[in-house]
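**Q**
There are 2 protein chains.
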Amino acid sequence: MTGRKDGVTISDVAAAAGVARSSVSRAFTRPDMLSPETVARIKEAAERLGYVPNHTARALSTGRHGNVALIVPDVANPFFPPLIRAAQSEAERFDFCVFLGNTDEDPRQEDKLLGRFAGQVEGVVLVSSRLSDAQIRAHAAMRPLVLVNRDVEGIPRILIDSAPGVSEAVRHLAEIGHRKIVYVSGPPTSWSNKQRRAAVRNSAAKLGIEVETVAAPVPSYEAGKEAVGAILKTGATAAVAFDDLTAQGILAGLIERGIAIPKDFSVVGCDDVLGAATYPSLTTVSNRSVEAGTVALSLLMQMLQTGIAHDVRHMLGTHLVIRNTTTGFVKK
Amino acid sequence: MTGRKDGVTISDVAAAAGVARSSVSRAFTRPDMLSPETVARIKEAAERLGYVPNHTARALSTGRHGNVALIVPDVANPFFPPLIRAAQSEAERFDFCVFLGNTDEDPRQEDKLLGRFAGQVEGVVLVSSRLSDAQIRAHAAMRPLVLVNRDVEGIPRILIDSAPGVSEAVRHLAEIGHRKIVYVSGPPTSWSNKQRRAAVRNSAAKLGIEVETVAAPVPSYEAGKEAVGAILKTGATAAVAFDDLTAQGILAGLIERGIAIPKDFSVVGCDDVLGAATYPSLTTVSNRSVEAGTVALSLLMQMLQTGIAHDVRHMLGTHLVIRNTTTGFVKK
DNA sequence: TATTGACGTGCAACCGGTTGCATGACATGT
DNA sequence: ACATGTCATGCAACCGGTTGCACGTCAATA
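Same order as they appear, the protein sequences are chains A and B.
Take 1 as the starting number for the first sequence in my numbering and just add one per residue.
Take 1 as the starting number for the second sequence in my numbering and just add one per residue.
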């Protein structure tokens, strides 16, 4: 097992081709500066020797390493993987690599990762950041930074606007006969949670139906299931949950208590991460995480290329996806 | 918007502390070589100036950049995120960063990524690789490489051994009265699929019960649902699915046809990625993806530190998790 | 024919650390 | 008092590229 280092450097190629090291460099980065024959000779030699440019060395002298960081609260939350994937393939279009960071929903961990990545990446995408506005601003001052689902003025941000979808959901519930509904809230520091709660309240007020809020501090199946007691106690006949996982837990909790869905109770999720895979299939608000990932990354690339950061605030709309946890409700 | 470069280098610190650059370097990498007072003075200066060592520069001279790559077929498949997360936090223990690669189940993409990462990472973890043995060997010859769920002799590999869990499942099904079962298979090139199919057949043969195989070429909810027709046609009374997603689809398909679960039909999944979140909650084979991620990474770290690659073949056992899609079957 | 400019190439400094070796100060042993 | 050894520190080369500038050649222009 000999092979560790390839060992073929620019000097080797230069020697083989009978030119200076700088010419080899230029043959790859600015071939137009050299005569076509020289370029050909160098490339031939490089090919023959199996030369591969060393990213690290290049990065040291140019300051551009072709890497960006993507930091999310929890890779295992089904909301994020499609976003990650989209961001990654967009990065690849620009020949960039992605560092993935997972913060476990912990701001300290987030800060630590940001520091660890610094100097290895040219820019950062922060998804659903739990940092304070001040911390975010501080990082943004050091390097190009794009936010997803976090609204800090002056910093480019992509926001998935669930308000239209949520409003539509409330209207839908009112139409099929509900007079009192519950919003089952998510993480208190989440921008999306605040936005959804506000959207539920506003639409309900407009439609003249009652709303109460029940807390599910963590967005998970278990938390949803546990919230069912509190939900039923309100006397509401429908629930809008912070996300699909919570909704799925609520579904399970209701079924366990013998409550028929959608006949006796309606449930609406958010983010559409489960597709039609619940039973009954879940009515939910559509999700734009793929676009969010793509846009965030292309925005970052643009910032890197131009060197300027516009104060972009990119909103992505949503809509209601009606399935079988709402239609079929029978008003008493 | 001035701040781009921190600009604080080892030279700045050296000047501030009144020592040579090499002493600053040593203050961080080999403090034992310097007098405690000098170290203190340098660290103080570094702190005051906000000095952060430049990874790229360090990498250039040492050849160690503190990065590893983790390549998976599909981040969005719920099997992988926990593994990714575990690997990432293990990497962090060693102060390493993780590059994440997504191949979209495409061997060409996998090869491309591997090339793109080369020179930026010290080692690679390949999860459920779709490359040929020869390609894997070629890459392994160039740099430290660890495989997960792929069995290539001579290359360190972590294998999640679903055989024990699957065998237990078949025994369980036999015990509650099934005489004929179906294995719903996954991707034909998958090592796990081959292993699971074999385990089902072997145990069934031992217990004297009948097995048929139905193909669901892609592991997904939809594919599972579509397979239901074929499953019922076999006359079997239970299905063991390649994974939980497929099982969930089967569940939905059966319920849609009015077949009561578990009374009339039993379903077993694999990988336990859905928790108890299906209805009825799914009996499945446990998953060791977290350990797989952790072990793969620590193995890689060990290889990097010692420089030697033992021919490790690390098996992680599994067991059956009994929930409500099996118990309650009523034999006719 | 002398002048000018364009063009292709090489030289050498630089990016920000690391590290082998040399040096000088001081302490120890005899 | 002198030889020897230890220890802390500095010098300078090096990792593998990039890039501003200088130089020489050759053709076009005056």
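Beta carbons are placed, not taken as given, at the ideal position from N, Cα and C, and that holds for glycine.
The model shown is predicted, which means the values in this text are computed figures rather than measured ones.
Starting from serine 336 of chain B, trace the alpha helix (DSSP H) in both directions and tell me its first and last residue.
**A** As displayed, chain B neither begins before 1 nor continues past 332, which places residue 336 of chain B out of reach and without an answer.
**Q** Counting only beta-carbon atoms, is glycine 328 of chain B nearer than 8 Å to chain A?
**A** Answer no: the Cβ-Cβ gap between glycine 328 of chain B and chain A never drops below 8 Å.
**Q** Determine the DSSP secondary structure at histidine 20 of chain A, reduced to helix, strand or coil.
**A** The question names histidine, but residue 20 of chain A in the sequence shown is alanine. Three-state DSSP puts alanine 20 of chain A in coil, outside helix and strand.
**Q** Assign proline 36 of chain B to buried or exposed, taking buried as 16 or more other Cβ atoms, counted over all protein chains shown, within 10 Å of its Cβ.
**A** So proline 36 of chain B ends up on the exposed side.
**Q** State the start and end residues of the unbroken alpha helix (DSSP H) segment that holds phenylalanine 80 of chain A.
**A** Here the alpha helix (DSSP H) through phenylalanine 80 of chain A covers 80-93.
**Q** In angstroms, rounded to a whole number, what distance separates the CA positions of glutamate 47 of chain B and aspartate 106 of chain A?
**A** The alpha-carbon atoms of glutamate 47 of chain B and aspartate 106 of chain A are separated by roughly 25 Å.
**Q** Do serine 23 of chain A and leucine 34 of chain A come within 8 Å of each other at the CB atom, strictly closer than that value?
**A** Closer than 8 Å, so yes.
**Q** What residues are listed by DSSP as bridge partners for tyrosine 183 of chain B?
**A** Partner(s): B:Thr213 and B:Val240.
**Q** Could you tell me which residues DSSP pairs with valine 321 of chain B in its beta bridges?
**A** In the DSSP output, where bridge partners are listed per residue, valine 321 of chain B has B:Thr284.
**Q** So methionine 303 of chain A is in the alpha helix (DSSP H); what residue range does that whole segment cover?
**A** Element bounds for methionine 303 of chain A: 289-306.
**Q** For threonine 306 of chain B, is the classification buried or exposed, using 16 other Cβ atoms within 10 angstroms of its Cβ as the cut-off for buried?
**A** Flag for threonine 306 of chain B reads exposed.
**Q** Mind listing the chain A neighbours of phenylalanine 117 of chain B? Cutoff is C-beta to C-beta under 9 Å, in chain order.
**A** The contacting residues are Cys97.
**Q** Please report how far the alpha carbon of arginine 313 of chain A lies from the alpha carbon of arginine 116 of chain A, in whole angstroms.
**A** Computed Cα separation, rounded: 28 Å.
**Q** Would you mind giving the Cβ-Cβ distance between valine 125 of chain B and leucine 70 of chain B, rounded to the nearest angstrom? I have them listed as a contact below 8 Å.
**A** With a Cβ gap of about 5 Å, valine 125 of chain B and leucine 70 of chain B count as contacting.
**Q** Residues bridged to arginine 157 of chain B by DSSP?
**A** Looking at the DSSP assignment, arginine 157 of chain B forms a beta bridge with B:Leu147 and B:Arg313.
**Q** Sorted by chain position, which residues of the same chain lie with C-beta nearer than 7 Å to serine 298 of chain A's C-beta, five sequence neighbours on each side aside?
**A** Cβ within range, chain order: Glu90.
**Q** Roughly how many whole angstroms lie between the Cα atoms of lysine 5 of chain B and histidine 55 of chain A?
**A** With a pLDDT of 48 at lysine 5 of chain B, under the threshold of 50, the predicted position of this residue should be treated as unreliable, though the coordinate-derived value follows. One C-alpha to the other measures close to 19 Å.
**Q** Look at the alpha carbon of alanine 140 of chain B and the alpha carbon of glutamate 210 of chain B, and state the distance between them as a whole number of angstroms.
**A** Distance between the alpha carbons of alanine 140 of chain B and glutamate 210 of chain B is about 42 Å.
**Q** Any chance the stretch 243-253 of chain B sits against the stretch 212-230 of chain B, with 3 or more Cβ pairs inside 8 Å?
**A** In short, these stretches touch, since the Cβ pair count reaches three.
**Q** Can you list, in chain order, the residues of the stretch 212-223 of chain B whose Cβ is nearer than 8 Å to any Cβ on chain A?
**A** So the close ones are Tyr221.
**Q** Please identify, using Cβ separations under 7 Å, the residues of the stretch 65-82 of chain B that lie next to chain A, in order along the chain.
**A** From the stretch 65-82 of chain B, only His65, Val75, Ala76, Pro78, Pro81 and Pro82 have a Cβ closer than 7 Å to chain A.
**Q** Could you work out which residues of chain B lie near aspartate 50 of chain A, taking near to mean beta carbons separated by less than 7 Å?
**A** In the sequence under discussion, the amino acid at residue 50 of chain A is glycine, which differs from the aspartate named in the question. Ordered by position in chain B, no residue passes the 7 Å Cβ test against glycine 50 of chain A, which lies about 11 Å from the chain.
**Q** How is phenylalanine 333 of chain A classed by DSSP in three states: helix, strand or coil?
**A** Nothing about residue 333 of chain A can be reported from this structure: the residues present for chain A run from 1 to 332 only.
**Q** Which residues bound the beta strand (DSSP E) around asparagine 67 of chain A?
**A** Taken as a continuous stretch (DSSP letters only), the beta strand (DSSP E) holding asparagine 67 of chain A covers 67-72.
**Q** Can you tell which of B:Ser25, B:Val13, B:Thr325 and B:Ala309 has its C-alpha closest to the C-alpha of valine 146 of chain B?
**A** Closest by alpha carbon: B:Ala309.
**Q** Do you know how far the Cα of arginine 130 of chain B is from the Cα of lysine 153 of chain B?
**A** First, the residue type needs correcting, since residue 153 of chain B is glutamate and not lysine in the sequence shown. Rounded to whole angstroms, glutamate 153 of chain B to arginine 130 of chain B spans 16 Å at the Cα level.
**Q** Could you name the residues that DSSP lists as bridge partners for tyrosine 125 of chain A?
**A** Per the sequence presented here, residue 125 of chain A reads as valine, with tyrosine not at that position. DSSP, once it has assigned bridges, lists A:Leu70 and A:Val146 as partnering valine 125 of chain A.
**Q** Which partner residues does glycine 101 of chain B have in the DSSP bridge list?
**A** In the DSSP output, where bridge partners are listed per residue, glycine 101 of chain B has B:Ile71.
**Q** Leaving out five residues before and five after alanine 252 of chain A in sequence, what residues of the same chain have Cβ atoms less than 6 Å from its Cβ?
**A** Lys225.
**Q** Please list the partners that alanine 227 of chain A has in chain B, where partner means a Cβ-to-Cβ separation under 7 Å.
**A** Simply none; closest approach about 15 Å.
**Q** Using beta-carbon positions only, say whether isoleucine 84 of chain A and glycine 275 of chain A come within less than 8 Å of one another.
**A** No, Cβ-Cβ distance for isoleucine 84 of chain A and glycine 275 of chain A is not below 8 Å.
**Q** My assumption, with CB atoms under 8 Å, is that phenylalanine 79 of chain A sits in contact with aspartate 271 of chain A. Please give the rounded CB distance.
**A** Indeed, because the Cβ distance is near 5 Å, the residues count as touching under 8 Å.
**Q** Please go through the same chain and pick out, in chain order, the residues whose beta-carbon is closer than 6 Å to the beta-carbon of arginine 196 of chain A, but skip the five residues on each side of it.
**A** Hits under 6 Å: Ser162 and Val166.
**Q** Where do the ends of the alpha helix (DSSP H) carrying glycine 63 of chain A lie?
**A** Note, glycine 63 of chain A: premise wrong, no alpha helix (DSSP H); not H, not E.
**Q** At least one CB of chain B closer than 8 Å to the CB of glutamine 248 of chain A: is that the case?
**A** Yes - at least one Cβ of chain B is within 8 Å of the one on glutamine 248 of chain A.
**Q** Look up alanine 118 of chain B in the DSSP assignment and give the residues it is bridged to.
**A** Its beta-bridge partners are B:Val121.
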